[in-house]
Ligand code: ADP
Ligand code: LRH
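Residue numbers (full-length UniProt numbering): 4 to 484.
In structure tokens form, the structure reads like this:
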């Protein structure tokens, strides 16, 4: 039984973590060896990535992993954000966080100029104001003139580790500059948006062997031999979907963490007028699959509420909130968990109350009531999108897989099962890091294909099934557009 020992660096919004895993055809064990904060910082008035702090966390994690004998490392993070390199391959400015307001109004202008049919028909990507295309248009023209290469954050970090430049395909597909049918960057869109053509790096596949860690870093890392960086599905959602423990194609997934990414895995994109209208995205997964999904605000609604209560001097633990929310009456009030009003950091309970007020529903007052409203609203958004994805793609599903940190939230998993009227299989919690490891294992010849990778997850990880109850209570709400 051949096995790979590898490290997965996963930069999530709730934390960065480095996992060490051993993967074989019948084996998958993992250990979190380092966890570090991933808090954005203010740089010149812009909400930005704290790259120096992350870099320290990543190096500390790789050092730990090196001591445990890994021979390969892969990096994933969230989509759309990037850094710009100058002629000397130096970073021009810290990457800006997609929750920053610099893109306000830009997408609307581009949609009016270029047209939705062209933008969606080419890229298949949902209209989200923070897509890379709009972020690039928000750059200072002088910065763009200086820039030679745009690298999405995992590619940027891989460049720092190895000196190699490339654009990993799953993450490239989140930029809204990638032609989803031609499977190349869209030169046409880049030209129409007036962006410098040369910015886009050559595409790479998840599973490419990128290169050894630069020798200058080996000393400080305490690693004496070559440690290879392997290109993974560097878009965190693509990695998470690769680790969904499904046994056939008839499944929906909710990659449930800071965001809930709700959808299906398809063989080809859906670019119909109805799909555009519903603003479903067609992002690229491993093996050229399509992740046909919607972004639901996710547990960000709860994280940011908890931050608000903490800042007000009323901290409350997640365990307490979930226990109390379970005792609250169901469906007292629900908000649209896809509304962009919830995107920016700030007072979340107040924004939730405002939405309830404006739609004539009772306003949740206590933290338990706000939490209940968030979980009911998320479950409803999960169910609506599982239904819409099936309708728009013509693919039926008989199970919903919930993966990511939210798989530990048994109330949310049960409510999702109830709202969908389908069984929910919850787990793995670290799906993204597992997907990262599984792609490395395939790259190194340890696993054959996607199905085998999913089998390994199903056979080795703790999974819990929630049967739907009480679906009638939800069905009218789910059916309402
Ligand atoms: P990301 O990768 O975006 O940082 P995660 O997949 O790590 O997100 O999920 C983070 C979320 O998981 C948190 O917002 C929290 O709501 C949820 N979570 C974490 N631990 C627990 C737990 N013990 N019980 C229930 N939910 C949890
Ligand atoms: C989830 C995610 C999602 C993107 C968002 C920016 O972490 O990558 O798929 O839309 O972050």
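Where a beta carbon is used, it is the ideal one built from N, C-alpha and C, also for glycine.
Note to self: If I follow the unbroken beta strand (DSSP E) through residue 231, where does it start and stop?
What the structure shows: 231-233
Next item on the list: Determine, using beta carbons only, whether residue 297 and residue 260 come nearer to each other than 9 angstroms.
Entry: no
Item checked: Where residue 223 falls, given that 16 or more other Cβ within 10 Å makes a residue buried -> exposed
Check: When every heavy atom of the ligand LRH is checked, does at least one fall within less than 8 angstroms of the C-beta of residue 101?
Finding: yes
Item checked: Neighbourhood of residue 427 by C-beta, 6 angstroms cutoff - its chain only, sequence neighbours within 5 removed -> 403, 405, 416, 419, 420, 469
Notebook entry, point to check: Short check: CB of residue 135 to CB of residue 183, under 9 angstroms?
Noted result: no
Note to self: Check this for me: beta carbons of residue 213 and residue 177, under 9 angstroms apart or not?
What the structure shows: no
Checklist line | Whole alpha helix (DSSP H) elements within the stretch 197-284, 4-residue minimum | finding: 218-224, 239-245, 276-281
Notebook entry, point to check: If you draw a straight line from the C-alpha of residue 56 to the C-alpha of residue 341, how long is it?
Noted result: 31 angstroms
Margin query: In this structure, how does DSSP classify residue 549 when only helix, strand and coil are distinguished?
Written below: Limits of the chain in this structure are 4 at one end and 484 at the other, which puts residue 549 out of reach.
Notebook entry, point to check: Taking the alpha carbon of residue 25 as the point to measure from, which residue in 66, 61, 73, 49 has its own alpha carbon closest?
Noted result: 73
Notebook entry, point to check: Where residue 207 and residue 356 are concerned, what is the direct C-alpha to C-alpha distance, given to the nearest angstrom?
Noted result: 45 angstroms
Margin query: Judging by CA-CA distance, which residue of 52, 196, 189 is the nearest neighbour of residue 84?
Written below: 52
Notebook entry, point to check: In its own chain, which residues sit with a C-beta less than 6 angstroms from the C-beta of residue 22, not counting the 5 before and 5 after it?
Noted result: 11, 33, 35, 436
Margin query: Excluding the 5 residues flanking residue 370 on each side, which residues of the same chain have their C-beta closer than 7 angstroms to its C-beta?
Written below: 312, 319, 324
Checklist line | Inside the stretch 115-169 only - beta strand (DSSP E) runs reaching at least 3 residues | finding: 152-155
Next item on the list: Would you tell me roughly how many angstroms separate the C-alpha atoms of residue 295 and residue 225, rounded to the nearest one?
Entry: 42 angstroms
Notebook entry, point to check: Of all the beta strand (DSSP E) runs that stay within the bounds of the stretch 48-88, which reach a length of 3 or more residues?
Noted result: 49-51, 75-80, 85-88
Margin query: Can you list, in chain order, the residues of its chain with a C-beta nearer than 8 angstroms to that of residue 383? Leave out the 5 residues immediately preceding and following it.
Written below: 337, 340, 422, 477, 480, 481
Note to self: Any residue with its Cβ nearer than 5 angstroms to a heavy atom of the ligand ADP should be included. What is that list in chain order?
What the structure shows: 15, 16, 17, 260, 261, 302, 306, 407, 408, 411, 412
Item checked: residue 100 in three-state terms, based on DSSP -> coil
Next item on the list: Would you kindly work out how many angstroms separate the C-alpha atoms of residue 1 and residue 302, rounded to a whole number?
Entry: As shown, the chain starts at 4 and ends at 484. That puts residue 1 outside it, with no answer to give.
Next item on the list: Starting from residue 392, follow the alpha helix (DSSP H) in both directions and report where the run begins and ends.
Entry: 370-396
Next item on the list: Could you tell me the distance, in whole angstroms, from the CA atom of residue 5 to the CA atom of residue 27?
Entry: 6 angstroms
Notebook entry, point to check: Can you list, in chain order, the stretches of the alpha helix (DSSP H) that have 4 or more residues and sit fully within the stretch 294-329?
Noted result: 303-314
Note to self: Please classify residue 439 as buried or exposed, where buried requires at least 16 neighbouring CB atoms within 10 angstroms.
What the structure shows: buried
Margin query: At the level of alpha carbons, what is the spacing between residue 202 and residue 282?
Written below: 27 angstroms
Note to self: Between residue 27 and the ligand LRH, is there a pair consisting of the residue's CB and a ligand heavy atom that are separated by less than 8 angstroms?
What the structure shows: no
Next item on the list: May I ask you to list the residues that DSSP assigns as paired with residue 188?
Entry: 181
Next item on the list: Quick one: using the 10 Å Cβ neighbour count with 16 as the cut-off for buried, is residue 446 buried or exposed?
Entry: buried
Check: Alpha carbon to alpha carbon, what distance is there between residue 20 and residue 253?
Finding: 31 angstroms
Checklist line | Beta-bridge partners of residue 39, as assigned by DSSP | finding: 19
Margin query: Applying the 10 Å Cβ sphere with the 16-neighbour rule, what's the burial state of residue 451?
Written below: exposed
Next item on the list: Examine chain B for any beta-carbon lying closer than 9 angstroms to the beta-carbon of residue 465, and answer yes or no.
Entry: Protein chain content of the structure displayed is limited to a single chain, and chain B is not contained in it.
Margin query: Here's the rule: buried if 16 or more other CB atoms are within 10 angstroms of the residue's CB, otherwise exposed. What is residue 248?
Written below: buried
Notebook entry, point to check: Hey, out of 204, 269, 16, 210, whose CA is closest to residue 43's CA?
Noted result: 16
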